[in-house]
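Peer 1: Residue numbers (our numbering), protein chains in the order written: chain A, 1 to 139; chain B, 1 to 139.
Shown next as structure tokens:
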């Protein structure tokens with residue numbers, strides 16, 4: 001099911017980037033799916049009032065999209081085994097987020113072919129949304 | 001905005017568990033919100049045919065619910081700063097997943113009050129869905 005094989009992956013490889021432009025509808029959809037209806041994500045007026053300058057995206061929705069960037073590359077949604085990020089800055093409706101990954105290690109553990117990637121998410125203006133990200137996929 | 005203060009949290013504390021019973025509608029909703037419409041999550045017949053015994057939940061949706069267990073406890077969705085898990089076993093419609101967290105460390109870094117928790121998700125029959133989880137929240 002995978003698009004890539006362990007042998008053809010090399011340390012230093014960059015995986016195809018995923019670009020997503022957020023809109024408020026995506027935040028409402030994610031609220032419905034996750035059950036997290038905190039008004040800072042769904043209510044523009046409230047988010048303005050508490051000083052956020054408008055709604056901000058759920059951090060986990062950015063993490064989910066970063067995960068999709070990885071599984072789109074592998075071609076197998078079950079390949080993602082370990083995943084960590086740091087939530088650096090919020091993303092907002094209108095932002096175009098670029099999700100990226102770079103292979104930093106290959107190893108074989110318990111007969112499993114594991115590839116470790118440095119991963120992250122940025123907005124075009126240089127804002128880092130997800131930092132210190134690391135993911136392990138099994139190929 | 002937070003429900004808990006740094007001072008009242010102690011190493012060894014367990015946070016309130018979150019229990020979620022999955023149904024197929026939740027998988028379809030998450031597919032819509034995340035853009036991940038892989039048939040193993042949405043098409044029961046396909047998932048049977050490829051030997052999965054039915055659809056399985058998106059791993060990131062379990063991670064999102066574990067994140068919600070943490071932010072419900074803190075009372076501030078912006079408090080979650082770092083988050084990692086290992087995707088151990090899939091969860092399926094009909095499964096009741098228990099999301100849990102236990103405080104393992106408190107520290108002050110750059111003037112920020114940080115609490116580190118061991119976190120995870122299990123199904124009632126003992127299946128571990130998310131293992132080796134760790135989260136850092138700022139209080």
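Every residue gets a Cβ at the ideal spot worked out from N, C-alpha and C, and that includes glycine.
Taking 8 Å as the threshold (beta carbon to beta carbon), is residue 70 of chain B in contact with chain A?
Peer 2: No, no contact with chain A.
Peer 1: Does DSSP classify residue 42 of chain A as helix, strand or coil?
Peer 2: helix
Peer 1: In chain order, what residues of the same chain have a beta carbon less than 8 Å from the beta carbon of residue 50 of chain B, not counting five sequence neighbours either side?
Peer 2: 40
Peer 1: Judging by CA-CA distance, which residue of B:16, B:38, B:5 and B:31 is the nearest neighbour of residue 2 of chain A?
Peer 2: B:38
Peer 1: Does residue 84 of chain A get closer than 8 Å to chain B when you measure Cβ to Cβ?
Peer 2: Chain B contact via Cβ: present.
Peer 1: Classify residue 32 of chain B as helix, strand or coil using the three-state DSSP reduction.
Peer 2: Per DSSP, reduced to three states, the secondary structure at residue 32 of chain B is helical.
Peer 1: First and last residue of the alpha helix (DSSP H) that includes residue 9 of chain A?
Peer 2: Secondary structure note for residue 9 of chain A: it is in no alpha helix (DSSP H), with a DSSP letter that is neither H nor E.
Peer 1: List the whole-angstrom C-beta distance separating residue 84 of chain A from residue 134 of chain A, where the pair is believed to meet the contact cut-off of C-beta under 8 Å.
Peer 2: 5 Å
Peer 1: Using the three-state DSSP reduction, which class does residue 61 of chain B fall into: helix, strand or coil?
Peer 2: helix
Peer 1: Using a Cβ-Cβ cutoff of 7 Å, what residues of the stretch 17 to 38 of chain A are near chain B? List them in chain order.
Peer 2: 29, 30, 32, 33, 34, 35, 36 and 38
Peer 1: Are the beta-carbon atoms of residue 27 of chain A and residue 57 of chain A separated by less than 8 Å?
Peer 2: yes
Peer 1: According to DSSP, is residue 70 of chain A helix, strand or coil?
Peer 2: Helix, per DSSP.
Peer 1: Quick check: what's the CA-CA separation for residue 91 of chain A versus residue 97 of chain A?
Peer 2: 8 Å
Peer 1: When you compare each of A:32, A:77, A:44 and A:64 to residue 55 of chain A by their alpha carbons, which one comes out closest?
Peer 2: A:44
Peer 1: Select from B:6, B:122 and B:138 the residue whose C-alpha is nearest the C-alpha of residue 20 of chain B.
Peer 2: Ranking B:6, B:122 and B:138 by CA distance to the CA of residue 20 of chain B puts B:122 first.
Peer 1: Restricting to Cα atoms, I'd like to know which of B:77, B:52 and B:46 is closest to residue 61 of chain A.
Peer 2: B:77
Peer 1: Any beta carbon of chain A sitting closer than 8 Å to that of residue 81 of chain B?
Peer 2: Judged by the 8 Å Cβ criterion, residue 81 of chain B is in contact with chain A.
Peer 1: Between which two residues does the beta strand (DSSP E) holding residue 82 of chain A run?
Peer 2: 80 to 87
Peer 1: At the 8 Å Cβ level, is residue 91 of chain B part of the contact set with chain A, yes or no?
Peer 2: Output row for residue 91 of chain B: interface = no.
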